[in-house]
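Read the structure below first, then the notes.
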Amino acid sequence: MGSFSGAVITQGDGVKIRLHEINKEPGGDNSTTVVIDKFKPAPVMAFFSSRGPTYNTQNLLKPDIAAPGTAILAAWRTNDTELTRSGQKPPLFNIDSRTSMACPHVSAIVATLKSQNPSWSPSAIRSAIMTTVYNGEYLATPYDFGAGVATMSGPLKPGLVYETEITDYLQFLCSTGYNTSKIKLVLKTVPNNFSCPANLSDESVSNMNYPSIAISLSKVRETKKVTRMLTRIGDEGSVYTATITTPDALRVRPDKLKFTSKTKKLSYQVSFKAMTRERQFFGSITWSNGKNKVRSPFVASFW
1 MGSFSGAVIT QGDGVKIRLH EINKEPGGDN STTVVIDKFK PAPVMAFFSS
51 RGPTYNTQNL LKPDIAAPGT AILAAWRTND TELTRSGQKP PLFNIDSRTS
101 MACPHVSAIV ATLKSQNPSW SPSAIRSAIM TTVYNGEYLA TPYDFGAGVA
151 TMSGPLKPGL VYETEITDYL QFLCSTGYNT SKIKLVLKTV PNNFSCPANL
201 SDESVSNMNY PSIAISLSKV RETKKVTRML TRIGDEGSVY TATITTPDAL
251 RVRPDKLKFT SKTKKLSYQV SFKAMTRERQ FFGSITWSNG KNKVRSPFVA
301 SFW
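Just so you know, we're using full-length UniProt numbering here: the sequence shown kicks off at 1 and counts up by one.
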């Protein structure tokens with residue numbers, strides 16, 4: 001994603017410009033600048049950006065987030081001579097694209113959040129970023145951009161966060177085929193009393209306490225339910241009300257969450273029943289207290 005001030009030319013035109021620079025030939029044409037009103041080149045998902053769903057489950061929405069990653073002016077390797085003209089030193093900066101450019105944007109947000117909130121867990125930081133995104137008029141879907149475009153100011157005061165516990169991750173590993181002994185062999189932080197639940201299905205992944213919600217469907221008019229828990233990190237005494245944006249069959253119960261000084265965590269249940277066999281349904285759930293907005297994308301897919 002991104003836009004920058006500059007001009008992209010063909011290799012042939014580049015050769016002509018270079019010869020003009022070397023030979024100091026006079027001449028040239030400078031046309032009048034044309035102003036295009038209401039042009040919004042960003043955000044647009046780059047063609048090379050990875051899309052969802054993740055290949056092994058449709059019960060966990062991926063990607064998580066989008067960030068600027070196209071044509072970014074960035075510091076460059078000083079020992080890279082590929083872009084260096086003969087007799088000159090390598091450039092200190094270069095315009096580059098892809099994940100290596102998007103990642104530093106999100107990393108900077110994470111570093112800022114952690115420095116100002118040392119007690120926040122990694123999942124709380126992830127939730128703060130995902131639920132406070134810029135979410136404009138998109139032609140794409142959450143399978144393209146995840147929750148939306150990461151912002152700098154929103155995550156500083158998210159109001160509520162989804163904290164993902166270690167049990168969530170362990171049960172995810174169980175659902176993908178790992179047994180208890182293999183998990184304990186790989187991970188050293190597994191609680192002694194943990195064991196993979198019997199008859200754990202891929203659908204249980206949908207109940208991971210994640211900032212996004214994804215469920216898989218097998219037949220029309222089948223009701224699927226998932227649960228989420230929100231943790232208050234904002235003002236005490238806040239009442240959050242849920243707002244749903246399509247699909248129409250999406251329901252949230254309760255639709256109000258009342259947090260107090262003693263009530264820091266509250267859960268809610270999401271239910272969805274597909275009335276038609278569309279391949280995918282997209283929507284969102286936003287909790288708001290009039291000050292904070294905590295938004296989660298929702299995806300339901302026939303599998």
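The C-beta atom is built at its ideal place from N, Cα and C for all residues, glycine as well.
In this text, all values refer to a predicted model and were calculated from it rather than measured experimentally.
When the options are compared against residue i, the one with the closest alpha-carbon
i    : options                   : result
T112 : D80, L156, W76 and A75    : L156
T70  : T132, I95 and I125        : I95
G148 : P211, G237, T176 and K264 : P211
A74  : S100, K89 and D64         : S100
G159 : Q280, T260 and K273       : T260
T276 : W287, F302, L257 and R253 : F302
L217 : Q280, T227 and N179       : Q280
Y240 : S267, A214, G87 and Q116  : S267
Y143 : A214, S288 and K265       : A214
D235 : K264, K219 and P254       : K264
A274 : P91, N199 and D248        : D248
C103 : S127, F194 and A66        : A66
D168 : M229, N79, D37 and V110   : M229
S195 : V205, C174, N209 and S204 : C174
S50  : F93, K262 and G146        : G146
T227 : K258, E163, A108 and P53  : E163
Buried versus exposed, by CB contacts within 10 Å (16 or more), residue i
i    : result
G290 : exposed
I129 : buried
I9   : exposed
N59  : buried
R295 : buried
G2   : For G2, the predicted model reports a pLDDT of 43, less than 50, meaning its position is unreliable and no value from the coordinates is stated.
H20  : exposed
G283 : buried
Simplified DSSP state of residue i, which is helix, strand or coil
i    : result
K219 : coil
D96  : strand
Y162 : coil
S206 : helix
K40  : coil
T243 : strand
A128 : helix
V149 : strand
G2   : Only weak support exists for where G2 lies, its pLDDT of 43 falling under 50; the value from the coordinates is given anyway. In the structure shown, G2 sits in coil (DSSP, three-state: anything other than H, G, I, E or B).
K157 : coil
Y169 : helix
Y143 : helix
Beta-ladder partner(s) of residue i, from DSSP
i    : result
K213 : A small fix is needed here, since residue 213 is Ile in this sequence, not Lys. Its beta-bridge partners are F298.
Y268 : R228
R251 : S271
A74  : N94
A66  : V149
K293 : S288
Y134 : V149
Segment limits, alpha helix (DSSP H) that includes residue i
i           : result
F259        : It is not in any alpha helix (DSSP H) - F259 carries neither H nor E in the DSSP assignment.
residue 308 : One cannot answer for residue 308 here, as it falls past the ends of the chain, which runs 1 to 303.
I9          : I9 -> no alpha helix (DSSP H), and no H or E assigned at all.
T180        : T180 to V186
Run of the beta strand (DSSP E) containing residue i, from where it starts to where it stops
i   : result
F48 : Careful: F48 lies outside any beta strand (DSSP E) and carries neither H nor E.
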